[in-house]
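Here the protein sequences come in this chain order: G and E.
In this text, residue positions in the first sequence follow this note's numbering: the first is -13, and each later residue adds one.
In this text, residue positions in the second sequence follow this note's numbering: the first is 37, and each later residue adds one.
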Amino acid sequence: MGFIQLNVLNNAASNVALGIDLGTTNSLGAMWKDGRPIVLHPEGDSGYVPSAIHFTEKGAAIVGRQARELAIVDPAHTLFSIKRFMGRGLAQVEADARNVPCALSETDNGVVQFEMRGRKYTPQELSALILMKVHDQACKALGGIEVTKVVITVPAYFDDSQRQATRDAARIAGLDVLRIINEPTAASLAYGLDQKKHGKVAVYDLGGGTFDVSILSIEDGVFQVLSTNGDTHLGGDDFDRTLVDVAKKELASIVRPSTLDDRAFLQLLRLAAERCKIELSSDPEAYMHVSLPESGVQWRRKFTRHEFDALTAHLIERTLHSCRRAMADAKLGVEEIDEVVLVGGSTRTPAVRSRVEKFFGRRPHTELNPDEVVALGAAVQAHVLMGGTRELLLMDVTPLSLGLETMGGAVAKVIERNSTIPCQATEGFTTYVDNQTGVDLHVVQGERELAKDCRSLGRFKLSGIPPMPAGMPRIAVRFHIDANGLLTVTAREESSGKSARVEITPMNGLTDSEVEAMLNAAFKNARDDFDARRAADLATEIGTMVRASERGLAHAADALDRETRRDIEDAVAKARSTSAASREPQKLQKVRDELERATLPLAALLMDQVAKSALSGKKLDEV
Amino acid sequence: MKHCPDCGAKLETPLGCGACGALFSPESTLTPFEVLGLEPSYELGAAELKKRLLRVSRVVHPDYFGSADAATRERAERASALVNEAHATLASDRARADWLVRWLGGPAESEKREMPKRFLLDVLEWNETLELARGASPGSAERAALVELRRVLRAQTDEVLATLAARLSPLPERASARLAEARADLNALRYLDNTLAQIDAVELESLRPN
Chain G
-13 MGFIQLNVLN NAASNVALGI DLGTTNSLGA MWKDGRPIVL HPEGDSGYVP
37 SAIHFTEKGA AIVGRQAREL AIVDPAHTLF SIKRFMGRGL AQVEADARNV
87 PCALSETDNG VVQFEMRGRK YTPQELSALI LMKVHDQACK ALGGIEVTKV
137 VITVPAYFDD SQRQATRDAA RIAGLDVLRI INEPTAASLA YGLDQKKHGK
187 VAVYDLGGGT FDVSILSIED GVFQVLSTNG DTHLGGDDFD RTLVDVAKKE
237 LASIVRPSTL DDRAFLQLLR LAAERCKIEL SSDPEAYMHV SLPESGVQWR
287 RKFTRHEFDA LTAHLIERTL HSCRRAMADA KLGVEEIDEV VLVGGSTRTP
337 AVRSRVEKFF GRRPHTELNP DEVVALGAAV QAHVLMGGTR ELLLMDVTPL
387 SLGLETMGGA VAKVIERNST IPCQATEGFT TYVDNQTGVD LHVVQGEREL
437 AKDCRSLGRF KLSGIPPMPA GMPRIAVRFH IDANGLLTVT AREESSGKSA
487 RVEITPMNGL TDSEVEAMLN AAFKNARDDF DARRAADLAT EIGTMVRASE
537 RGLAHAADAL DRETRRDIED AVAKARSTSA ASREPQKLQK VRDELERATL
587 PLAALLMDQV AKSALSGKKL DEV
Chain E
37 MKHCPDCGAK LETPLGCGAC GALFSPESTL TPFEVLGLEP SYELGAAELK
87 KRLLRVSRVV HPDYFGSADA ATRERAERAS ALVNEAHATL ASDRARADWL
137 VRWLGGPAES EKREMPKRFL LDVLEWNETL ELARGASPGS AERAALVELR
187 RVLRAQTDEV LATLAARLSP LPERASARLA EARADLNALR YLDNTLAQID
237 AVELESLRPN
């Protein structure tokens, strides 16, 4: 690609798209440039945006590295690991909820809400804040070019609700989502492209909060996912928690019981645990430090790598069991896997590497940066979607079976897990009573036999069925899982050819109007921020102009007629008082422009004097 | 439709044209063979099928319409779903045979439930072996019996698949007796597949971490 096409009116790029890895712990943006994907980072910055949000006393949100730092001094107002709440209800996130330093509630449709500084935020809105920050960083790295089209990655094992939530977050951030792609698949794109590999590849992706394994066949630019498995609530956070639990047990005799339950204190423990874990990746032993100066607590505990491995063995075993399932679904034996690729920061843990190596019987690839490879892969896919190449073809699968609840509470499968997407299935329904005009469907995702044990995607209400005797209507309901892994349901009454209306009550999801309202609120915030910045810039400019005008008047007052002089004095006074009193950019702009107009004769006069004095050999600053 | 009405190029699939990028919405229902541009037959090499899948996907996949208008993107979604559905049907020996039997006017699964007689007694025996192995620990005699059963069932599966292939190649006359025999084979395969899947599940379950 040679040039970035710019729309000159708004500095927006029309032919490029960003790839964004929206991670549990870190988020990152990348883009295709000069024949390869590159990470976008402003100069002197790694580009990683820690997925952390701090709320100031006034309720303003600070995102990223600064928020992470503020968590140490004010853990009670800093949120982490929001991704674990995406598309989930309170009942499904009990363990994670204990780690949140604020009150939680739920909307009518079962969307979790975080209460911060007197306002409630859904995970979608919080994720939108992170996306905006990543987007902002990326655009800065591009020299201020506005790119609004994005490809966003999600864990392969994310269900429909979690994917919807991610898409809604991007919409609230004002981004145009070209595609949602799976993290291990994105990683395989970056990896396969880099290494020009062929064969069967296993991608083991252990991130901050989620685990995925995908088995792919890579051949002549075709990346075909054969199967995927995972756990959307298993990641580095859980490794940290094993250390936190030890610390809590041992601190019980040292600190007050109320402190042990204090959310802010737990936040502190978690950060200490994470630091200790990271050190254990390179050193055979490390210390976990906790200090509470106000209660005189100084706690230090040595952990050996051996002890840490024992504490986390069961977590790694869970990931390996997912690998077994994925292999079984791909109908492959471990000896048929040609390459193993490690993705996600948590694969830096030595025990993870050695257990994975033992499981697959081969040394995994670690030459790609496990923190960047997902974002890079998303940039590759963005390039394909923008029409950059037809050399690559990505064929992914849906991770979970889609089913309908039957009369007895069982599940009738409509689409099997690991079906290549896009995929579709059509099911026939009829009515049970005369002139029935509606049918209710309960759509679930998962592998369990009973609907109550699967993930509910919501209730779909078919209406507008023409009145007919019972059993006469033939309603064809089409379930389509698109290339994003997102479900759409449409219905048609076959005998009349009328399409029935499908009304969706999402479970743990936002309705379109809620997204719309949040989008508007986000825009208002963005506009407020923009206005504040512009007002500050204008006030500074006015200050400079006022000082210059006063200096000019002192020099050249005699050369001006009285009317002009008064005009300038009035404008200066007005500008001074307005910039002291107002933060409205429009008002400030007006007085600035007025001041500029009024001082034009003065400026002309000064220029004239400068020219004259230059001719007479005087220096500028002597004028 | 063999040539593109827009640009005249030869078509890989009736769903779209690889040369000019046009997507079509065929009014009649396409067979899975038509979707992938293949002649109907039971004999179908995995490599050939995959080649067709990739060729056709390169014409209709939504990834190549990322910046098109919403209607075109929707058409690509639908076309691609049809392609994947057709591939899933043809890639599985069972699904392909099932489709051909119905297409040639043979009995559907619901119309003919019998399977070859020799399997009837066996099925009861298989279930008993499975039940005993379910609670047994790895390395026990019951689990060894399960491993042996898997070996036997895999051999039988290969045998039935060979018989099925012989019945369906060349393709039988419409509504002929061979179709009913093929249906009986398919019914037997269902039991075999089912039991083998359950054996795998028992093994996988015993490895599950608490």
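Cβ atoms here follow ideal geometry from the backbone N, Cα and C, with glycine treated the same way.
These numbers come from a predicted model, not from an experiment.
Residue-level contact to chain E via CB, residue i, 7 Å cutoff
| i | result |
| --- | --- |
| ASP468 of chain G | yes |
| ARG478 of chain G | no |
| PRO109 of chain G | no |
| HIS184 of chain G | no |
| LEU257 of chain G | no |
| PRO587 of chain G | no |
| PRO87 of chain G | no |
| ARG434 of chain G | no |
| THR406 of chain G | yes |
Same chain, Cβ closer than 8 Å to residue i, five either side skipped, listed in chain order
| i | result |
| --- | --- |
| ALA45 of chain E | HIS39, CYS53, GLY54, ALA55 and CYS56 |
| THR139 of chain G | GLY5, ILE6, ASP7, LEU8, ILE166, ILE167, ASN168, GLU169, ALA172, VAL360, ALA361, GLY363 and ALA364 |
| ALA104 of chain E | ALA112 |
| PRO356 of chain G | LEU328, VAL329, GLY330, GLY331, THR333 and ARG334 |
| ASP439 of chain G | GLY432 |
| MET531 of chain G | ALA561, ARG578, LEU581, GLU582 and THR585 |
| ALA597 of chain G | none |
| ARG434 of chain G | VAL397 and CYS440 |
Short CB-CB distance (under 7 Å) between residue i and chain G
| i | result |
| --- | --- |
| ARG88 of chain E | no |
| ALA198 of chain E | no |
| PRO163 of chain E | What sits at residue 163 of chain E in the sequence shown is Asn, not Pro. So no, ASN163 of chain E is outside the interface. |
| TYR227 of chain E | no |
| ARG186 of chain E | no |
| ASN230 of chain E | no |
| ALA233 of chain E | no |
| ARG190 of chain E | no |
| ARG244 of chain E | yes |
| ALA202 of chain E | no |
| TYR100 of chain E | yes |
Same chain, Cβ closer than 7 Å to residue i, five either side skipped, listed in chain order
| i | result |
| --- | --- |
| VAL2 of chain G | ILE(-10), MET17, VAL133 and MET372 |
| SER267 of chain G | ARG334, THR335 and PRO336 |
| ALA258 of chain G | MET274, HIS275 and VAL276 |
| ALA545 of chain G | LEU591 |
| GLU48 of chain E | GLY54, GLY73, ARG91, VAL92 and VAL95 |
Between the CA atoms of residue j and residue i - distance to the nearest angstrom
| i | j | result |
| --- | --- | --- |
| ARG569 of chain G | ALA522 of chain G | 8 Å |
| ILE48 of chain G | LEU472 of chain G | 31 Å |
| VAL276 of chain G | ILE68 of chain G | 24 Å |
| THR11 of chain G | PRO174 of chain E | 40 Å |
| LEU254 of chain G | LYS186 of chain G | 43 Å |
| ARG51 of chain G | ARG464 of chain G | 45 Å |
| ARG242 of chain G | ARG249 of chain G | 14 Å |
| LEU157 of chain E | GLU164 of chain E | 11 Å |
| LEU80 of chain E | PRO208 of chain E | 16 Å |
| GLU271 of chain G | CYS262 of chain G | 9 Å |
Own chain, CB closer than 6 Å to residue i, minus 5 neighbours either side, in chain order
| i | result |
| --- | --- |
| ILE490 of chain G | GLY444 and PHE446 |
| HIS428 of chain G | GLU391 and ARG445 |
| PRO459 of chain G | THR416, THR417, ILE451 and GLU479 |
| GLY195 of chain G | THR10, SER67, LYS69, ARG70, GLY221 and ASP223 |
| SER91 of chain G | GLN99 |
Closer than 6 Å: residue i CB and nearest the ligand FMN heavy atom
| i | result |
| --- | --- |
| TYR190 of chain G | The ligand FMN is not among the ligands present in this structure, which contains no ligands whatsoever. |
Margin query: Contact between the region 111 to 119 of chain G and the region 30 to 47 of chain G is defined here as three or more beta-carbon pairs at a separation below 8 Å; is this criterion met?
Written below: yes
Checklist line | Segment contact flag, the region 488 to 495 of chain G with the region 145 to 153 of chain G, C-beta cutoff 8 Å, min 3 pairs | finding: Proximity of the region 488 to 495 of chain G to the region 145 to 153 of chain G meets the contact definition, three or more beta-carbon pairs being nearer than 8 Å.
Notebook entry, point to check: Can we say the region 482 to 490 of chain G touches the region 84 to 98 of chain G, given the rule of at least three CB pairs closer than 8 Å?
Noted result: The answer is no - the region 84 to 98 of chain G does not touch the region 482 to 490 of chain G, with fewer than three Cβ pairs under 8 Å.
Note to self: Quick test of the definition: if touching needs 3 or more C-beta pairs under 8 Å, does the region 225 to 244 of chain G touch the region 392 to 401 of chain G?
What the structure shows: no
Next item on the list: Report yes or no: do the region 304 to 319 of chain G and the region 216 to 223 of chain G share at least 3 C-beta pairs separated by less than 8 Å?
Entry: yes
Checklist line | Sufficient close CB pairs (3 or more, under 8 Å) joining the region 209 to 227 of chain E to the region 144 to 158 of chain E | finding: Look at the beta carbons and you see the region 209 to 227 of chain E touching the region 144 to 158 of chain E: at least three pairs across the two are nearer than 8 Å.
Check: So, do the region 228 to 243 of chain E and the region 187 to 202 of chain E have three or more beta carbon pairs nearer to each other than 8 Å?
Finding: yes
Note to self: Tell me whether the region 119 to 134 of chain E and the region 195 to 205 of chain E touch, counting them as touching only if at least three CB pairs, one residue from each stretch, are closer than 8 Å.
What the structure shows: yes
Checklist line | the region 284 to 295 of chain G touching the region 308 to 325 of chain G, judged by at least three CB pairs closer than 8 Å | finding: Here the region 284 to 295 of chain G does not lie against the region 308 to 325 of chain G, with fewer than 3 beta-carbon pairs under 8 Å apart.
Notebook entry, point to check: Given 8 Å as the limit, is there contact between the region 524 to 543 of chain G and the region 560 to 576 of chain G, that is, 3 or more CB pairs closer than that?
Noted result: Yes, the region 524 to 543 of chain G touches the region 560 to 576 of chain G.
Next item on the list: Give, in chain order, every unbroken run of the alpha helix (DSSP H) that is at least 4 residues long and sits entirely within the region 37 to 121 of chain E.
Entry: 68 to 71 and 82 to 96
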